[in-house]
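In what follows, a single structure is set out as structure tokens and then discussed.
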Amino acid sequence: MNKNHKALESGTEFVPPVAHLPSSRARNTLSRIPSPRTNLRFKQLTIYYEARGIKLDDGFMNKLELLTPEGKPNFAAYLLADENAVSFQLAKYAGTDRADLVQSRDYGRCSLVKAAKFILDRIDVENITFTKIGFPLRQEREMIDTRAITEAVINSVLHNDYSDGGAPKVELFSDRVEVTSMGGLPVGIEEQDFFNGYSVPRNRELMRVFRDLEIANHLGVGIPRILTAYGRDAFEVQKNCIRVTMPYASRERTPI
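Quick note: the sequence shown uses this note's numbering, first residue 16, plus one each step.
Structure representation (structure tokens):
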């Protein structure tokens, strides 16, 4: 009996690593990985599509490429379903390191669309706007650039390598926010291509859904927006992960 069957019989859920797939060096592997569950529900996804004026009919899983070549729900379907075992962590620390954890919240275990929206809503709550009353206009500056952090979070969701159990995470420190996605650069993309905004989504099926819902686009503008706000030093590109670090603006150090 293999590990997957043992996990299902014990009542726990097995989420791959999929050893036979070279996860970080293969494109669109989610379409070929079968979902750990077959009884998937998509009420959350249906609500988001209906809010955009799009009705999901009975054949939506085929149209959105949420089936394996054998016609079974694939791992992209699993990520978009109402319930899954995939984490999306947000942690908050009291200081500039990870020594003093103030709060840790898992916004995952639900449709990845809902999880991403939850994370962005939480960041919006944390994001302070500094205001300077002037004449004739009032000037405002955000602690975190909203467009840049939104792009970083959405990119972490769409380009994360889920095939080996990795998940994106967001960490709030006293002086910065860090957004980390697992898997490094997609196959065929060099670091200079990445910084030039050349976009090849690792997870094409997820990109399709996020584009349908107008949460993401496929124009390659995300990285340039982050570069404009924070520069190239904001990025840490490693073999197995990409981290974006955004220092906070402050009233004292960054005048309006």
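Beta carbons are placed, not taken as given, at the ideal position from N, Cα and C, and that holds for glycine.
It should be emphasised that the depicted structure is a prediction, and the values quoted were computed from it without experimental measurement.
Contact check, residue i vs residue j under 8 Å by CB: the rounded distance?
i, j, result
"G123", "A182", "7 Å"
"I159", "M261", "6 Å"
"R52", "Y93", "6 Å"
"Q104", "D121", "6 Å"
"I169", "A131", "7 Å"
"L79", "N89", "That pair is no contact at about 10 Å."
"E8", "V252", "Shown here, the chain extends from 16 to 271; a query on residue 8 therefore has no answer."
Counting C-beta neighbours from all protein chains within 10 Å, is the total for residue i 16 or more, i.e. buried, or is it exposed?
i, result
"K21", "With a pLDDT of only 41 at K21, under 50, the local geometry of the prediction cannot be trusted, and the value read off the model is given with reservation. K21 is exposed by the Cβ-count criterion."
"N232", "exposed"
"S38", "Low confidence applies to S38: its pLDDT is 42, below 50, so where it sits in the model is not reliable enough to give any reading."
"A163", "buried"
"K129", "buried"
"N54", "exposed"
"A249", "buried"
"P31", "Interpretation of P31 is limited by its pLDDT of 48, a score under 50 that renders its predicted location unreliable; no figure is taken from the coordinates."
"A109", "exposed"
"N77", "exposed"
"E65", "exposed"
"R40", "Annotation note: pLDDT 43 at R40 (below 50); position unreliable, no value reported."
"E166", "buried"
"Y245", "buried"
"Y63", "buried"
Determine whether the beta carbon atoms of residue i and residue j lie at a separation below 8 Å.
i, j, result
"S189", "T111", "yes"
"L46", "T83", "In the sequence on display, residue 46 carries Ser and not Leu. Yes, they are a contact pair."
"I48", "S178", "yes"
"L173", "R67", "no"
"K240", "F210", "One detail in the question is off: residue 240 reads as Arg in this sequence, not Lys. Cβ distance not < 8 Å, so R240 and F210 don't count as in contact."
"G203", "V215", "yes"
"D176", "R217", "yes"
"L95", "L71", "no"
"S126", "D97", "yes"
"I134", "V101", "no"
"L187", "K87", "no"
Following a CB-centred definition, is residue i positioned closer than 7 Å to any heavy atom of the ligand FAD?
i, result
"L200", "This structure lacks the ligand FAD; in fact it carries no ligand of any kind."
Using a Cβ-Cβ cut-off of 8 Å, state whether residue i counts as contacting chain D.
i, result
"V259", "Absent from the structure: chain D. Only one protein chain is present."
> Taking one C-beta from the region 247-260 and one from the region 187-194 each time, how about it: are there three or more such pairs within less than 8 Å?
Replying inline: yes
> Residue ranges of each beta strand (DSSP E) run of no fewer than 3 residues wholly in the region 93-129, ordered along the chain?
Replying inline: 104-108 and 116-121
>> At 4 residues or longer, what runs of the alpha helix (DSSP H) sit wholly inside the region 213-252?
In response: 219-227 and 237-245
> Are at least three pairs of beta-carbons, each pair with one atom in the region 130-140 and one in the region 210-222, less than 8 Å apart?
Replying inline: no
>> Runs of 4 residues minimum, wholly inside the region 173-211: which ones carry the alpha helix (DSSP H) assignment?
In response: 206-210
>> Give the list of continuous alpha helix (DSSP H) stretches no shorter than 4 residues that lie fully inside the region 40-97.
In response: 58-66, 75-78 and 90-95
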